[in-house]
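Visitor: Please read through the structure below; I'll follow up with questions.
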Amino acid sequence: MAKDVIIQRSLVEQILHEMFTTLEERDEFDARTIQRLKELAASGTLSKVKKVEEVIRSAPGGYHEAA
Numbered sequence: 418m419a420k421d422v423i424i425q426r427s428l429v430e431q432i433l434h435e436m437f438t439t440l441e442e443r444d445e446f447d448a449r450t451i452q453r454l455k456e457l458a459a460s461g462t463l464s465k466v467k468k469v470e471e472v473i474r475s476a477p478g479g480y481h482e483a484a
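If you're matching positions, the sequence shown starts at 418 in this note's numbering and goes up one per residue.
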């Protein structure tokens, strides 16, 4: 079972790496925003929608809800 956990983590890490590589290739997010998203991933809070929204909304040109 421990081996399964290691494989699962490795798969998650691969997925995150590919996701961040794709984001870096696009012009949608600046380097600071991507770094903040990476920090969320490292802390295990990337799955927290509110945290991700805060990062994206604070980005230059980030999404802002209409009033």
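Glycine included, C-beta positions come from ideal geometry on N, C-alpha and C. All of these numbers come straight from a predicted model, not from anything done at the bench.
In the DSSP assignment, find the unbroken alpha helix (DSSP H) run with Lys465 in it and report its ends.
Guide: Along the sequence shown, one-based indexing puts residue 465 at 48. Looking at the DSSP string, Lys465 is not in any alpha helix (DSSP H), and its letter there is neither H nor E.
Visitor: Note the first and the last residue of the continuous alpha helix (DSSP H) segment covering Glu445.
Guide: Stepping through the sequence shown from its first residue, residue 445 is reached at position 28. Looking at the DSSP string, Glu445 is not in any alpha helix (DSSP H), and its letter there is neither H nor E.
Visitor: Considering only the alpha carbon of each residue, which of Ser464, Arg449, Val469 and Glu445 lies closest to Val429?
Guide: As a first step, residue 429 must be located in the sequence shown, where it is residue number 12. Comparing Cα positions, the closest option is Ser464.
Visitor: Report back the beta-carbon spacing between Ala458 and Leu433 to the nearest angstrom; my notes put them in contact at under 8 Å.
Guide: Numbered from 1 along the sequence shown, position 41 holds the residue referred to as residue 458. Numbered from 1 along the sequence shown, position 16 holds the residue referred to as residue 433. Taking 8 Å as the upper bound for CB-CB distance, Ala458 and Leu433 are in contact here, some 5 Å apart.
Visitor: Pro477 to Arg453, Cα distance in whole Å?
Guide: Translated into positions along the sequence shown, residue 477 becomes position 60. Translated into positions along the sequence shown, residue 453 becomes position 36. Cα to Cα, Pro477 sits roughly 13 Å from Arg453.
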